[in-house]
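Q:
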Amino acid sequence: MKSICLYFQVHQPLRLRRYRFFDIGNDHYYYDDFTNESIMRKIADECYLPANQILLDLIKANKKKFKVSFSITGVALDQFEQYAPDVIESFKALVNTGCVELLAETYSHSLATVKNKNEFTNQVKAHSLRIYELFGKKPKVFRNTELIYSDEIGKIVSNMGYKAMLTEGAKHILGWKSPNYLYCNSLNPKLKLLMRNYTLSDDITFRFSSSGWKEWPLTTEKFANWINQFDEKEDVVNIFMDYETFGEHQKKESGIFEFLKNLPKAILSHDNFKFATPSEAIKEYQPIAIAHVPNAISWADEERDLSAWLGNDMQDEAFNKLYELREDVVTLNNQQLLKDWNYLQSSDHFYYMCTKFFSDGDLHSYFNPYNSPYDAFINYMNVLSDFQIRINELKTEVKPVENHQTELDKKDEIIARFKTEISHLKKQFQQA
Amino acid sequence: MKVLMFGWEFPPHISGGLGTACYGLTRGLSKIDDLDIVFVVPKTYGDEDESKMQLVGANSIHINQIQKHVENFKLRHTYLEIESALIPYHDPDEYYSFRNSDLFGQNKLFKVNQEGKLDFSGKYGANLIDEIYKYAYVASTVSMENDHDVIHAHDWLCYPAGIAAKEVSGKPLVIHVHATDFDRSGGSVNPKVYEIEKMGMDAADKIIAVSNLTRNIVIEKYGQDPAKVETVYNAVEPVSSEEKKAIKKGVKEKVVTFLGRITMQKGPEYFIEAAYRVLKRTNDVRFVMAGSGDMLEKMVDRAAQLGIADRFHFTGFLKGDDVFKMFALSDLYVMPSVSEPFGISPLEAMQSNVPVIISKQSGVSEILTHAIKVDYWDIDALADAIYGIIKYNSLSDIFKEKGKEEVDNLKWTNAAIHTHRVYTNAIQLNKNLQKVML
Chain A
1 MKSICLYFQV
11 HQPLRLRRYR
21 FFDIGNDHYY
31 YDDFTNESIM
41 RKIADECYLP
51 ANQILLDLIK
61 ANKKKFKVSF
71 SITGVALDQF
81 EQYAPDVIES
91 FKALVNTGCV
101 ELLAETYSHS
111 LATVKNKNEF
121 TNQVKAHSLR
131 IYELFGKKPK
141 VFRNTELIYS
151 DEIGKIVSNM
161 GYKAMLTEGA
171 KHILGWKSPN
181 YLYCNSLNPK
191 LKLLMRNYTL
201 SDDITFRFSS
211 SGWKEWPLTT
221 EKFANWINQF
231 DEKEDVVNIF
241 MDYETFGEHQ
251 KKESGIFEFL
261 KNLPKAILSH
271 DNFKFATPSE
281 AIKEYQPIAI
291 AHVPNAISWA
301 DEERDLSAWL
311 GNDMQDEAFN
321 KLYELREDVV
331 TLNNQQLLKD
341 WNYLQSSDHF
351 YYMCTKFFSD
361 GDLHSYFNPY
371 NSPYDAFINY
381 MNVLSDFQIR
391 INELKTEVKP
401 VENHQTELDK
411 KDEIIARFKT
421 EISHLKKQFQ
431 QA
Chain B
1001 MKVLMFGWEF
1011 PPHISGGLGT
1021 ACYGLTRGLS
1031 KIDDLDIVFV
1041 VPKTYGDEDE
1051 SKMQLVGANS
1061 IHINQIQKHV
1071 ENFKLRHTYL
1081 EIESALIPYH
1091 DPDEYYSFRN
1101 SDLFGQNKLF
1111 KVNQEGKLDF
1121 SGKYGANLID
1131 EIYKYAYVAS
1141 TVSMENDHDV
1151 IHAHDWLCYP
1161 AGIAAKEVSG
1171 KPLVIHVHAT
1181 DFDRSGGSVN
1191 PKVYEIEKMG
1201 MDAADKIIAV
1211 SNLTRNIVIE
1221 KYGQDPAKVE
1231 TVYNAVEPVS
1241 SEEKKAIKKG
1251 VKEKVVTFLG
1261 RITMQKGPEY
1271 FIEAAYRVLK
1281 RTNDVRFVMA
1291 GSGDMLEKMV
1301 DRAAQLGIAD
1311 RFHFTGFLKG
1321 DDVFKMFALS
1331 DLYVMPSVSE
1341 PFGISPLEAM
1351 QSNVPVIISK
1361 QSGVSEILTH
1371 AIKVDYWDID
1381 ALADAIYGII
1391 KYNSLSDIFK
1401 EKGKEEVDNL
1411 KWTNAAIHTH
1421 RVYTNAIQLN
1431 KNLQKVML
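Protein chains in written order, with our numbering: chain A, 1 to 432; chain B, 1001 to 1438.
1) What residue does the beta strand (DSSP E) around B/Leu1332 start on, and which one ends it?
2) Taking the beta strand (DSSP E) that B/Lys1002 belongs to, which residues open and close that run?
3) For chain B, check one thing: does any of its Cβ atoms lie closer than 8 Å to the Cβ of A/Ile24?
4) Report the rounded CA-to-CA distance for B/Ala1209 versus B/His1178, giving the unit in angstroms.
5) Taking only three categories from DSSP, how would you classify A/Ala104?
6) Taking 8 Å as the CB-CB cut-off, is A/Glu327 touching chain B?
7) Skipping 5 residues on each side, what residues in its chain have a beta carbon closer than 6 Å to that of B/Ile1357?
8) Could you tell me whether the Cβ of A/Phe377 comes closer than 8 Å to any Cβ of chain B?
9) The alpha helix (DSSP H) that contains A/Gln335, what's its start and end?
10) Given a limit of 9 Å on CB to CB distance, which residues of the stretch 300-315 of chain A reach chain B?
11) Report the residue from A/Tyr7, A/Asn26, A/Ser3 whose alpha carbon sits nearest the alpha carbon of A/Lys390.
12) Are there 16 or more other CB atoms within 10 angstroms of the CB of B/Trp1156, so buried, or fewer, so exposed?
13) Are the beta-carbon atoms belonging to A/Val124 and A/Met160 less than 8 Å from one another?
14) Rounded to whole angstroms, what is the Cα-Cα separation between B/Glu1269 and B/Trp1377?
15) Note the first and the last residue of the continuous alpha helix (DSSP H) segment covering B/Ser1396.
16) In chain order, which continuous runs of the beta strand (DSSP E) of length 3 or greater are located wholly inside the stretch 192-273 of chain A?
17) For A/Met353, name the three-state secondary structure that DSSP assigns.
18) Taking a contact to mean a Cβ-Cβ separation below 8 Å, would you say A/Phe275 touches A/Leu6 in this structure?
19) CA-CA distance, A/Ser38 and A/Val87?
20) At a Cβ threshold of 8 Å, is B/Leu1296 touching chain A?
21) When DSSP builds the beta bridges, which residues end up paired with B/Tyr1137?
22) Would you verify that the beta carbon of A/Ile391 is, or is not, closer than 8 Å to some beta carbon of chain B?
23) Taking the Cβ atom as the reference point for each residue, do A/Trp309 and A/Phe259 lie within a distance shorter than 8 Å?
24) Kindly list the residues whose CB is nearer than 8 Å to the CB of A/Gly154, restricted to its own chain and excluding five residues on each side of it in sequence; keep chain order.
25) State whether the stretch 278-297 of chain A contacts the stretch 1264-1284 of chain B, with contact taken as three or more CB pairs (one from each stretch) at a distance under 8 Å.
26) From A/Leu111 to A/Ser346, what distance separates their C-alpha atoms?
27) Spell out whether any CB of chain A is found under 8 Å from the CB atom of B/Phe1258.
28) For A/Phe22, which three-state DSSP category applies?
29) Give every residue of the same chain whose Cβ lies closer than 7 Å to the Cβ of A/Glu119, excluding the five residues on either side of it in the sequence, and list them in chain order.
30) Quick one: grab the DSSP three-state call for A/Ile414.
31) Identify which residue in A/Asn180, A/Asn262, A/Ile239 has its Cα closest to the Cα of A/Leu233.
32) Taking A/Ile43 as the reference, which of A/Pro13, A/Tyr31, A/Leu55, A/Phe22 has the closest Cα?
33) What is the residue span of the alpha helix (DSSP H) that A/Tyr83 lies within?
34) Return the bridge partner residues of A/Leu166 from the DSSP annotation.
35) Just to confirm my understanding: we take A/Glu133, look at its own chain, exclude 5 residues before and 5 after, and list those with CB closer than 6 Å. What are they?
Below is the structure:
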């Protein structure tokens, strides 16, 4: 029996407004509300809501044989709450079917994993908590920002108690080996790895509507047949992609929604195929080998490494200057500061500063608010300078009133957390 | 006396110091009795200040007939069409947006629009040479329609226009050298621009240079007769008090500003290197590089490389009010130009009570005493001077006070009187010449 593991990534960057030098020290609001709201609303209407509806219908129609998994970043959730609460409701409906697994990741879609272990674990915890509060589920499988993975990262994740992790089936890691098996971490073999089959995934994400492609148009039958051609011993086919593929990367007119609607039927028409969530897959199968990944990989660009976010002088400067502030931010423990701190870590900011965009220009320019990487860098550094000033101000004059406020906020937060926990427990109790 | 003046830009539509200088000079000249100016620019927008003169946009001139001598001019000057990528002085924003379209560069035949007028963009850009050519073409028509005693052409972009006008009216030509290609290119002169410049200087009856520095270049590099070249320093328009609104400074640290086109000529890299040295000593300072240009990206990269990007800010191109805002926020203004024929911006800074550091390689250093002068390449001296001014308040106070006093005494009226003298001279010379010819 071969399992098809469908996983969708849901993320929307929180875009910074045009923050000029003159604003530094005068204005502490960094976000472009108008753009964020209009983009969020547009994508909600063109992608999230219609796609969620299709998935819900499919799960019902296939009597729970159709399964998918999601990870939704905290930044996206925050924006849903503010601009498109109906999206959260539709995700709740999906999760309640029991056929949808939610995965853990970093709260702000950050790159903390390559910089600071404590920050990384804190963010993962914060994200899991958020998921639990909203959906009543605790994620068991971890998915890092942009599928970033290395042996070292795997070890940290495994120590945090996760059983499995998703990553890229990068050619330079697997070589002749097939991504359609489970692998395991080289430092801690208990952590299982699901490797993305990038050929099949990208056939949908990138090539679906390109009429120059020799396989165009892509039908569900053709797609299922490709899977059928794999060796029968191959266990699990991992199709991982941005959820925005449906309706955004591939527009409605390309027929992508019809493809999605008909995919389960085409897959399930083969007796030896079934759908599985990552948790089910790792229970059912055993890893076939150790994956050695000494240097971090990701699912981005041709290089499948971190060079989209880090590496040029600007990215490194911004990244280092940001994390230099961590200690102060943590010590000050100011709510407003922590919120901005979270959002400023978003990998998107560094992505906009990428100068190697000639090969993958399409995706890099996708909703990019800046004219050039230099522009992105200048704007980000201006914001960061203001953030720095705020930290220094708070450091020198911690007002006692503010301290009380922080205390009260914290207490409120704990109360709210317990409240949701109680309500979840009540529900479970009633169901039992 | 009637003056027919050719310029390339006019406030508020300016991209450099040229427009500001033209405006100041014409305002100064308007105070002289019995002197009328017709100022011609490639394009008028309608919101220019026309109180002091008559402003004519070349885009509003009817081209009724093609005169024989214009045809000749056209024949002789076809070499004006050069590759756009070589053009040294342009509005960078405009340049970037047009870089990828050949829309303008290929327009070799002029299209007269429905009203029989030529369209002008009035900007520095890919089609610059085309514009210069068109402008010269129109200039001859203008000179026929407007009675005048002397022709005054500002900078190389307008030399062909000045020459064309002179060929029509036979009146004396005064050309005003605000910069030469030696300044803009740092020595690697574009031969075609040089040719236009030299052609203008050769055709001129009198040459006005904005500083002795420029005067020397004109004499030495362009082989002009020293007697023909006169230095007339620029000045600065006094700022009215209402323009100086209170601006809230958001940062506590001292602000050191570079403001200008970010091109090789302005020496932005020396500013960054000096900033790096200062930041090693003190954290109580922020640097701002305001402006835009072909070296901007390189400078952003360099700031990131040096790891000072959280203390070194970029603003992009600043217009109108934002320039004053920037001065109001600044504690020190630095102009490390590699070669600056004059440099009005330090004067504007001093007006706003900002001490200035200027390079010895600038024309303005010839007239200023209350400014720190360093060699542009001497990063250590520059860093030292910056540190001194931001650290020792007594020093900066003296520069503020004395500098303001000094700059308030520089008046466009003086420059105008001097210019008027040059006109009279040129007219006299021209008359003598005609007598000899007769």
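By construction, the Cβ of each residue, glycine as well, lies at the ideal position given by its N, Cα and C atoms. Please read these numbers as outputs of a predicted model, since none were measured by experiment.
A: Put simply:
1) Counting from 1 along the second sequence, the entry for residue 1332 of chain B is found at position 332. 1332-1335 is the extent of the beta strand (DSSP E) around B/Leu1332.
2) For the purposes of this step, residue 1002 of chain B is taken as residue 2 along the second sequence, with counting starting at 1. 1002-1006 is the span of the beta strand (DSSP E), which, as asked, contains B/Lys1002.
3) Reading the first sequence from its first residue, position 24 is the one you call residue 24 of chain A. Interface flag for A/Ile24 against chain B is set, since a Cβ pair is found closer than 8 Å.
4) Within the second sequence, numbered from 1, the residue matching residue 1209 of chain B stands at position 209. Within the second sequence, numbered from 1, the residue matching residue 1178 of chain B stands at position 178. For B/Ala1209 and B/His1178, the distance between alpha carbons rounds to 7 Å.
5) Against the first sequence, residue 104 of chain A aligns to sequence position 104. Looking at A/Ala104 - three-state DSSP - the assignment turns out to be strand.
6) As a first step, residue 327 of chain A must be located in the first sequence, where it is residue number 327. It does not: the Cβ of A/Glu327 has no partner Cβ on chain B nearer than 8 Å.
7) The residue given as residue 1357 of chain B occupies position 357 in the second sequence. Once the five neighbours on either side are set aside, the close Cβ partners of B/Ile1357 are Val1334, Ile1372, Ala1385.
8) On the first sequence, position 377 is the one that residue 377 of chain A refers to. Interface with chain B (8 Å Cβ-Cβ cutoff): A/Phe377 is included.
9) Translated into positions along the first sequence, residue 335 of chain A becomes position 335. A/Gln335 -> alpha helix (DSSP H) spans 335-344.
10) Contacts with chain B (Cβ-Cβ distance below 9 Å) from the stretch 300-315 of chain A involve Asn312, Asp313, Met314, Gln315, listed in chain order.
11) As a first step, residue 390 of chain A must be located in the first sequence, where it is residue number 390. Sequence check: residue 390 of chain A is Arg here, not Lys. Measuring C-alpha to C-alpha distances from A/Arg390 to each of A/Tyr7, A/Asn26, A/Ser3 identifies A/Asn26 as the nearest.
12) Here residue 1156 of chain B refers to the residue found at position 156 of the second sequence. With a threshold of 16 other beta carbon atoms within 10 Å, B/Trp1156 meets it and is buried.
13) Looking up residue 124 of chain A in the first sequence gives position 124. Looking up residue 160 of chain A in the first sequence gives position 160. At a Cβ-Cβ threshold of 8 Å, A/Val124 and A/Met160 count as neighbours.
14) Working through the second sequence from its first residue, we reach residue 1269 of chain B at position 269. Working through the second sequence from its first residue, we reach residue 1377 of chain B at position 377. Roughly 10 Å separates the two Cα atoms.
15) Within the second sequence, residue 1396 of chain B is the residue found at index 396, counting from 1. For B/Ser1396, the enclosing alpha helix (DSSP H) starts and ends at 1393-1408.
16) Considered as a whole, the stretch 192-273 of chain A harbours 192-196, 236-242 as its complete beta strand (DSSP E) runs of no fewer than 3 residues, in chain order.
17) Taking the first sequence and counting its residues from 1, the one referred to as residue 353 of chain A is at position 353. DSSP, read as helix, strand or coil, puts A/Met353 in coil.
18) Within the first sequence, numbered from 1, the residue matching residue 275 of chain A stands at position 275. Within the first sequence, numbered from 1, the residue matching residue 6 of chain A stands at position 6. Cβ distance < 8 Å, so A/Phe275 and A/Leu6 count as in contact.
19) To locate residue 38 of chain A, count along the first sequence from 1; it is residue 38. To locate residue 87 of chain A, count along the first sequence from 1; it is residue 87. C-alpha separation (whole angstroms): 15 Å.
20) Here residue 1296 of chain B refers to the residue found at position 296 of the second sequence. Contacts with chain A at 8 Å (Cβ-Cβ) include B/Leu1296.
21) Along the second sequence, read from residue 1 onward, the residue named residue 1137 of chain B stands at position 137. In DSSP, B/Tyr1137 forms no bridge with anything.
22) For the purposes of this step, residue 391 of chain A is taken as the residue at position 391 of the first sequence. Put simply, the CB of A/Ile391 is far from chain B, with every gap to its CB atoms at 8 Å or more.
23) Locating residue 309 of chain A in the first sequence gives position 309, where the first residue counts as 1. Locating residue 259 of chain A in the first sequence gives position 259, where the first residue counts as 1. Not closer than 8 Å, so no.
24) Taking the first residue of the first sequence as position 1, residue 154 of chain A is located at position 154. Exclusion of the five residues before and after A/Gly154 leaves Met165, Asn185, Ser186, Leu187, Asn188, Leu191, Leu193, Val293 as the residues of its chain whose Cβ lies within less than 8 Å of its Cβ.
25) Touching, no, given that fewer than three Cβ pairs across the two stretches are closer than 8 Å.
26) Within the first sequence, the letter at position 111 stands for residue 111 of chain A. Within the first sequence, the letter at position 346 stands for residue 346 of chain A. Rounded to whole angstroms, A/Leu111 to A/Ser346 spans 7 Å at the Cα level.
27) Counting from 1 along the second sequence, the entry for residue 1258 of chain B is found at position 258. Not a single CB atom of chain A sits nearer than 8 Å to the CB of B/Phe1258.
28) To locate residue 22 of chain A, count along the first sequence from 1; it is residue 22. Collapsing the DSSP output to three states places A/Phe22 in a helix.
29) The residue given as residue 119 of chain A occupies position 119 in the first sequence. Hits under 7 Å: Ala112, Arg326.
30) Locating residue 414 of chain A in the first sequence gives position 414, where the first residue counts as 1. In the structure shown, A/Ile414 sits in a helix (DSSP, three-state: H, G or I).
31) Sequence index remark: in the first sequence, residue 233 of chain A carries index 233 (1-based). It is worth fixing the name first, because residue 233 of chain A is Lys in this sequence and not Leu. Of the candidates A/Asn180, A/Asn262, A/Ile239, the one whose C-alpha sits nearest the C-alpha of A/Lys233 is A/Asn180.
32) Numbered from 1 along the first sequence, position 43 holds the residue referred to as residue 43 of chain A. Closest by C-alpha distance to A/Ile43, out of A/Pro13, A/Tyr31, A/Leu55, A/Phe22, is A/Pro13.
33) Taking the first sequence and counting its residues from 1, the one referred to as residue 83 of chain A is at position 83. Its alpha helix (DSSP H) spans residues 74-83.
34) Counting from 1 along the first sequence, the entry for residue 166 of chain A is found at position 166. In the DSSP assignment, A/Leu166 is bridged to A/Arg143, A/Leu194.
35) Locating residue 133 of chain A in the first sequence gives position 133, where the first residue counts as 1. Excluding sequence neighbours, A/Glu133 sits near Thr420.
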